[in-house]
Ligand code: HEM
């Protein structure tokens with residue numbers, strides 16, 4: 001908050017003097033230099049031209065997704081164990097070496113589809129991105145609040161985002177475009193059942209869960225790997241909004257969630273999340289009815305319990321929103337020793353996309369910015385130059401040697417901590433195929449059945465409201481999918497749209513989908 005007592009001219013003013021970026025003192029910040037009081041202005045007017053031309057460049061491209069968000073800082077504190085066992089049995093990653101070990105973090109919460117100034121009460125997934133500044137370098141865990149995602153192959157990401165973003169001609173978000181895509185993409189059903197339920201509009205950022213969503217790996221001292229999924233559970237509890245709640249909130253403030261987080265931190269009410277993980281052995285798990293690398297699925301918690309491994313506390317706000325929130329850069333490739341990728345086809349595609357967009361959005365030296373630096377590890381590279389080079393990363397004894405190998409004092413490679421790369425050996429031929437065990441409807445139906453009555457009612461109402469604005473063939477295909485998800489859901493949405501099961505019984509399965517026995521049984525009951 002500005003201290004108003006300090007506003008206004010003061011005699012004996014001891015405030016620091018304004019300069020330009022060359023360090024020149026500014027004597028007049030109110031008037032350009034002109035020929036006479038009425039002008040004209042002159043072109044050598046360095047002070048004015050510097051000021052205005054920097055202003056002209058104040059904006060950088062906003063993020064193509066997750067443009068609106070807020071960053072805060074805090075720490076992660078490890079428990080040091082997983083259930084009854086020392087966590088080292090599963091991972092050697094630095095932040096988990098506990099108990100009680102603390103690691104600095106930056107967290108950015110966000111909405112996905114809207115622009116930088118859009119409403120934070122929109123029905124939209126929320127981003128939950130955590131940067132751990134560890135002594136082994138940075139680790140980013142870039143997740144969302146809904147546990148699953150729309151698609152399972154990164155090649156479809158531009159399509160799903162185009163369908164959700166405003167129409168390229170009218171610039172309106174159009175239900176017809178959204179459900180045109182979704183109705184042809186059955187793997188979206190689990191995400192849709194979440195997104196159109198009250199969970200699709202979290203009350204604010206402090207009262208929502210977070211999930212890594214994609215499957216990662218943990219690596220222990222012996223190089224053995226396990227598959228892992230991450231869950232952030234808010235100590236504040238989970239709260240959501242209905243459409244009516246959200247309309248009331250955004251009528252007064254488009255940025256209520258940012259304000260809520262910043263105000264809570266300012267008054268010392270530091271929000272906290274528990275980190276829990278589910279793990280399974282690093283193999284295909286043919287016994288499961290889904291693929292553990294499929295990000296449209298959750299892992300059942302009765303078989304794979306979510307065990308606490310630490311807590312996250314946010315205790316300070318950014319000092320400059322642009323430098324620390326617009327320029328912070330997260331990515332799924334940013335892993336440290338003890339963590340690894342799985343072959344999840346979304347995860348590998350995402351991993352290319354993040355640093356690619358950041359080199360474009362922020363610039364090739366985005367990792368030299370303070371908020372992105374590996375501030376608790378030493379950085380020594382042979383990377384040099386490029387736009388906005390801020391400094392030379394740590395170098396070897398001889399500054400002339402910016403290459404490797406060398407016998408004259410440059411940097412050397414480290415030795416692998418284990419004998420070989422970790423994880424199972426994989427063989428196969430190059431192909432373009434869907435993963436088996438797509439099972440697009442079962443977990444979506446289970447999710448619906450887990451909902452309380454008011455949540456089911458809200459979900460049905462939201463589907464009906466939006467599908468009412470869609471073309472009839474899109475409505476029919478969506479009702480067909482929802483009947484396969486869960487009879488009651490399909491019947492109720494169909495009723496709202498005036499579409500009975502027999503009206504959709506003629507629809508053939510999509511060429512792009514594989515049905516389970518259970519799906520086929522449901523289909524045969526439609527007519
Ligand atoms: C941001 C791509 C899937 C969570 C972004 C950005 C891109 C991107 C280009 C903007 C980054 C920036 O400008 O700094 C992709 C691609 C995906 C994918 C290609 C799939 C193939 C996902 C999934 C999740 C997710 C599944 C959730 C688990 C996020 C979050 C951010 C983000 C939280 C915002 C990070 C921040 O706060 O700066 N994504 N994304 N993305 N994505 Fe993804």
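Numbering (full-length UniProt numbering), first residue to last: 1 to 527.
Here a beta-carbon is modelled for each residue, glycine too, at the ideal position from N, C-alpha and C.
Inter-residue spacing [alpha-carbon to alpha-carbon] between residue i and residue j
i	j	result
residue 483	residue 357	39 angstroms
residue 448	residue 486	8 angstroms
residue 314	residue 275	14 angstroms
residue 119	residue 53	31 angstroms
residue 254	residue 109	15 angstroms
residue 443	residue 429	31 angstroms
residue 69	residue 111	6 angstroms
residue 408	residue 385	22 angstroms
residue 2	residue 245	For residue 2, the predicted structure reports a pLDDT of 47, less than 50, and the residue's modelled location is therefore unreliable. A value from the coordinates is still provided. If I take the Cα positions, the gap works out to 32 angstroms.
residue 525	residue 303	31 angstroms
residue 262	residue 72	8 angstroms
residue 172	residue 377	46 angstroms
residue 324	residue 247	30 angstroms
residue 143	residue 137	19 angstroms
residue 339	residue 129	17 angstroms
residue 147	residue 231	8 angstroms
residue 410	residue 221	29 angstroms
residue 346	residue 461	31 angstroms
residue 167	residue 359	27 angstroms
residue 106	residue 96	17 angstroms
residue 520	residue 242	34 angstroms
residue 225	residue 202	35 angstroms
Near the ligand HEM: residue i beta-carbon under 7 angstroms from a heavy atom
i	result
residue 191	no
residue 346	yes
residue 316	no
residue 128	yes
residue 350	yes
residue 118	no
residue 162	no
residue 294	no
residue 357	yes
residue 108	yes
residue 342	no
residue 328	yes
residue 205	no
residue 363	no
residue 64	yes
residue 181	no
residue 142	yes
residue 220	no
residue 88	no
residue 323	no
residue 154	yes
residue 69	yes
residue 354	yes
Range of the contiguous beta strand (DSSP E) that encloses residue i
i	result
residue 520	No beta strand (DSSP E) contains residue 520, which is instead part of the alpha helix (DSSP H) from 517-526.
residue 47	That residue, residue 47, is in no beta strand (DSSP E); its alpha helix (DSSP H) goes 46-56.
residue 208	Neither: residue 208 is in no beta strand (DSSP E) and is coded neither H nor E.
residue 539	Residue numbering for the chain in the displayed model covers 1 to 527; residue 539 lies beyond these limits and cannot be assessed.
residue 196	Unbroken run through residue 196: none, as it is neither H nor E.
residue 339	339-341
Residue range of the alpha helix (DSSP H) that includes residue i
i	result
residue 251	243-252
residue 157	157-164
residue 182	175-183
residue 443	442-450
residue 481	472-485
residue 265	256-266
residue 349	345-361
residue 463	453-467
residue 503	501-504
Those residues which DSSP pairs with residue i across a bridge
i	result
residue 74	105 and 314
residue 41	34
residue 279	228
residue 142	129
residue 111	126
residue 273	234 and 312
residue 380	394
residue 24	According to DSSP, which records beta bridges pairwise, residue 24 is partnered with nothing at all.
residue 307	277
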